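Chains as they are written, first to last, in the working numbering: chain A, 82 to 246; chain B, 20 to 125.
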């Protein structure tokens, strides 16, 4: 059951990511990125991270991707064209990424026995309570600092995107 | 049962696709989206290792998931500021192609 769900949503993730790479229109890339993020939320659920799965859907596939699609439509972004730089990037990027993934896959799979086996619905499912216990006691200061960070980000976004008169 | 190594391999694949898209894509918005893809791949690694660490130590570990939480917060702030910068660049140069935004290379 776990393996089947992992294969289905892992394949959906990879397919979405490849579609992001291959599509030439940014709105198609944005929509396939939403597919990747939603299937990642399911994978988080399989790993027992319930709160993060919900946060992933709300923050990433909700807020951030709406922002992306909004900007794509606002700027009326069209298809990208192939240029000299993109040919260079094809020559360097595809083999580089292939080497990276081959190396990492080899390392992880050769140490497969050292890793634990994830099971569905055991005692390691993390809801909101165990997370908030740590965030609001041990990590209270970093948590409060992030609120300042978001405030600064809002002010910065407004200041940068404002029309100058 | 699924070995944690499979999740790490999936995350490596997603990260590499993100790197390739970052290098290949010519549209500044898509380049920014591939950065988000790489962030997501790293988040999956964190969650997988949290799971691994929980099962190795025998009791619930949440530090990796809290790290993912903070990464999400920073990613949200970064997306807002980054897209505002993209809008400002588009207003100034009237293009979204990274080949034509090369003032700092000259």
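Each residue gets a CB set at the ideal place from its N, CA and C atoms; glycine is no exception.
Since this is a predicted model, take the numbers as computed values, not measurements.
Residue burial classification, residue i (beta-carbon count within 10 angstroms, cutoff 16)
i: residue 46 of chain B; result: buried
i: residue 12 of chain B; result: Nothing can be reported for residue 12 of chain B, as the shown portion of chain B is limited to 20 through 125.
i: residue 214 of chain A; result: exposed
i: residue 88 of chain B; result: buried
i: residue 156 of chain A; result: buried
i: residue 204 of chain A; result: exposed
i: residue 217 of chain A; result: exposed
i: residue 160 of chain A; result: exposed
i: residue 55 of chain B; result: buried
i: residue 223 of chain A; result: exposed
i: residue 37 of chain B; result: buried
i: residue 83 of chain B; result: buried
i: residue 118 of chain A; result: buried
i: residue 78 of chain B; result: exposed
Residue-level contact to chain A via CB, residue i, 9 Å cutoff
i: residue 123 of chain B; result: no
i: residue 120 of chain B; result: no
i: residue 110 of chain B; result: yes
i: residue 61 of chain B; result: no
Best match in the options for proximity to residue i [C-alpha to C-alpha]
i: residue 118 of chain B; options: B/43, B/95, B/92 and B/100; result: B/43
i: residue 94 of chain A; options: A/190, A/121 and A/223; result: A/121
i: residue 178 of chain A; options: B/23, B/20, B/30 and B/80; result: B/30
i: residue 68 of chain B; options: B/123, B/121, B/120 and B/25; result: B/25
i: residue 151 of chain A; options: B/56, B/48 and B/72; result: B/48
i: residue 51 of chain B; options: B/27, B/76 and B/94; result: B/94
i: residue 146 of chain A; options: A/223, A/182, A/109 and A/168; result: A/109
i: residue 91 of chain B; options: A/128, A/244, A/175 and A/228; result: A/228
i: residue 58 of chain B; options: B/124, B/34, B/79 and B/123; result: B/34
i: residue 101 of chain B; options: A/130, A/221 and A/235; result: A/235
i: residue 133 of chain A; options: A/85, A/232, A/209 and A/230; result: A/209
i: residue 87 of chain A; options: A/115, A/123 and A/96; result: A/123
i: residue 169 of chain A; options: B/41, B/37 and B/28; result: B/41
i: residue 105 of chain B; options: A/173, A/130 and A/154; result: A/154
i: residue 171 of chain A; options: A/148, A/240 and A/103; result: A/103
Proximity test, Cβ basis, 9 Å: residue i and chain B
i: residue 218 of chain A; result: no
i: residue 140 of chain A; result: yes
i: residue 89 of chain A; result: no
i: residue 155 of chain A; result: yes
i: residue 117 of chain A; result: yes
i: residue 241 of chain A; result: yes
i: residue 190 of chain A; result: yes
i: residue 152 of chain A; result: yes
i: residue 123 of chain A; result: no
i: residue 221 of chain A; result: no
i: residue 215 of chain A; result: yes
i: residue 135 of chain A; result: no
Strand pairing of residue i, partner residues [DSSP]
i: residue 207 of chain A; result: A/130
i: residue 62 of chain B; result: Note: residue 62 of chain B sits in no beta bridge, so no partner.
i: residue 22 of chain B; result: A/198
i: residue 109 of chain A; result: Answer by DSSP bridge pairing: none, since residue 109 of chain A is not bridged.
i: residue 35 of chain B; result: In DSSP, residue 35 of chain B forms no bridge with anything.
i: residue 46 of chain B; result: B/116
Residue i CB to nearest heavy atom of the ligand NAP below 8 Å
i: residue 120 of chain A; result: Only the bare structure without any ligand can be found here, which leaves the ligand NAP out of the picture.
Nearest-angstrom beta carbon gap, residue j and residue i [assumed within contact, 8 Å]
i: residue 238 of chain A; j: residue 99 of chain B; result: 4 Å
i: residue 106 of chain A; j: residue 20 of chain B; result: Residue 106 of chain A to residue 20 of chain B, Cβ: 41 Å. No contact.
i: residue 66 of chain B; j: residue 141 of chain A; result: Actually they do not touch by this definition, with Cβ atoms about 13 Å apart.
i: residue 242 of chain A; j: residue 103 of chain B; result: 4 Å
i: residue 113 of chain A; j: residue 128 of chain A; result: No, residue 113 of chain A and residue 128 of chain A are not in contact; Cβ-Cβ is about 23 Å, not under 8 Å.
i: residue 207 of chain A; j: residue 75 of chain B; result: Contact flag wrong, Cβ pair sits at about 16 Å.
i: residue 175 of chain A; j: residue 39 of chain B; result: 6 Å
i: residue 96 of chain B; j: residue 230 of chain A; result: 6 Å
i: residue 85 of chain B; j: residue 220 of chain A; result: 6 Å
i: residue 27 of chain B; j: residue 187 of chain A; result: Between residue 187 of chain A and residue 27 of chain B the Cβ distance is about 12 Å, and since that is not below 8 Å, they are no contact.
i: residue 32 of chain B; j: residue 182 of chain A; result: 5 Å
Residue i at chain D interface by Cβ criterion, 9 Å
i: residue 114 of chain A; result: In the structure shown, chain D does not exist; the protein chains are A and B.
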